[in-house]
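Novice:
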Amino acid sequence: MPDNTPKTPIILLAAGESARMGQPKQLIRHHGQTLLAIALQNAAAAGVGPVIVVLGAYACRIVEDTNLDLQQFVINEHWNNGMGSSIKCGLTAAMKHVEPNQGINGVIIMSCDQPLITPDVLRQLSESSHPLAACAYGNGVGIPAFFGVSFFPQLQSLPDRAGAKGILTQHLTVLHQVPFPPAALDYDTSSDLERLP
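Okay, structure coming up:
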């Protein structure tokens, strides 16, 4: 029997050049796996929808080292314009990867440099009855985050240099917060890696 349950594609952002890291952080190894491979495994294990990896800088090298197939990634040719351009590129690709009979209830946006994100927290974001859901940590909220279809126009109109956090903070009244302190740990410099458990 066909599965007509609406899907939640996961947009996995991995397009940056890791300027502060000095090397492609997508390919930094942790417990024998690259950060991107860990994020991809966790996203796939959530089982909420197709996973689309948005590549840009180092795209060819990343495809070779991560064994991505053509259905799993899209290359943002304008990655150096900023995160907003990668989000819009990923959203366009994600909408094309959902079967017509399934439909789509929203997307989850996550980053490749958050290796402590679990499949369970991604499922919690997807299963929220709210049009927005995000991880809560420290004194704020951020990705991974779920954006329902009603917020697609705002994602599509993001300035290239902007991330999606502004959308979350502007709509706190409808935002469901999923407490997940490990989401605060992302890795931009070599010293950040020392905090990895």
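Just so we're aligned: 454 in this note's numbering is position 33 of the sequence shown, and the numbers increase by one with no gaps anywhere. Note that CB positions come from ideal geometry on N, CA and C, so glycine has one too.
State the Cα-Cα distance for the pair Thr513 and Leu476, rounded to the nearest angstrom.
Specialist: Indexing the sequence shown from 1 puts residue 513 at position 92. Indexing the sequence shown from 1 puts residue 476 at position 55. Computed Cα separation, rounded: 14 Å.
Novice: Please specify which runs of the beta strand (DSSP E), each continuous and at least 3 residues long, are wholly inside the region 513-540, giving them in chain order.
Specialist: 527-532
Novice: Does DSSP put Gly587 in a helix, a strand or coil?
Specialist: Locating residue 587 in the sequence shown gives position 166, counting from the first residue. Reduced to three states, the DSSP call for Gly587 is helix.
Novice: Distance, Cα to Cα, Leu433 vs Met531?
Specialist: On the sequence shown, position 12 is the one that residue 433 refers to. On the sequence shown, position 110 is the one that residue 531 refers to. C-alpha separation (whole angstroms): 5 Å.
Novice: Count the C-beta pairs between the region 503-517 and the region 575-594 that are closer than 8 Å, then say yes if the count reaches three, no if not.
Specialist: yes
Novice: Cutting at 8 Å between CB atoms, please list the residues of its own chain near Ser549, excluding the five before and the five after it.
Specialist: Taking the first residue of the sequence shown as position 1, residue 549 is located at position 128. Excluding positions up to five away in sequence, the list reads Phe567, His597, Val599.
Novice: Out of Gly505, Cys481, Gly503, Asn501, which one is the CA nearest neighbour of Phe494?
Specialist: Position 73 of the sequence shown, counted from the first residue, corresponds to residue 494. With distances taken between Cα atoms, Phe494 lies closest to Cys481.
Novice: Return the CA-CA distance between Gly559 and Ala605, expressed in angstroms with no decimal places.
Specialist: Numbered from 1 along the sequence shown, position 138 holds the residue referred to as residue 559. Numbered from 1 along the sequence shown, position 184 holds the residue referred to as residue 605. Distance between the alpha carbons of Gly559 and Ala605 is about 7 Å.
Novice: Tell me, which residues are paired with Val484 by DSSP?
Specialist: As a working note, residue 484 is residue 63 in the sequence shown. In the DSSP output, where bridge partners are listed per residue, Val484 has none listed.
Novice: Can you list, in chain order, the residues of its chain whose CB lies under 7 Å from that of Thr455, leaving out five sequence neighbours each side?
Specialist: The count along the sequence shown starts at 1 and reaches residue 455 at position 34. Excluding residues within five positions, the ones whose Cβ falls inside 7 Å are Gln447, Leu448, Ile449, Asp486, Thr487.
Novice: Would you kindly work out how many angstroms separate the C-alpha atoms of Glu438 and Asp534, rounded to a whole number?
Specialist: One-based indexing of the sequence shown puts residue 438 at position 17. One-based indexing of the sequence shown puts residue 534 at position 113. When rounded, the distance between both Cα atoms is 12 Å.
Novice: What does a CB cutoff of less than 7 Å around Val595 pick up in its chain, not counting 5 residues either side in sequence?
Specialist: Taking the sequence shown and counting its residues from 1, the one referred to as residue 595 is at position 174. Closer than 7 Å at the Cβ level, and outside the excluded window around Val595, lie His551, Pro552, Leu553.
Novice: Based on Cα-Cα distance, which residue from Pro540, Pro536, Gln545 lies nearest to Gly453?
Specialist: As a first step, residue 453 is located in the sequence shown; it is residue number 32 there, counting from the start. It is Pro536 whose Cα lies nearest to the Cα of Gly453.
Novice: What do you reckon, are the CB atoms on Val484 and Ala435 nearer than 8 Å?
Specialist: Here residue 484 refers to the residue found at position 63 of the sequence shown. Here residue 435 refers to the residue found at position 14 of the sequence shown. In this structure, Ala435 does not lie closer than 8 Å to Val484 by Cβ.
Novice: Can you tell me the Cβ-Cβ gap for Thr429 and Ile529, rounded? I've got them flagged as a contact below 8 Å.
Specialist: Position 8 of the sequence shown, counted from the start, is the residue given in the question as residue 429. Position 108 of the sequence shown, counted from the start, is the residue given in the question as residue 529. The pair is a contact, with the Cβ atoms about 6 Å apart (cut-off 8 Å).
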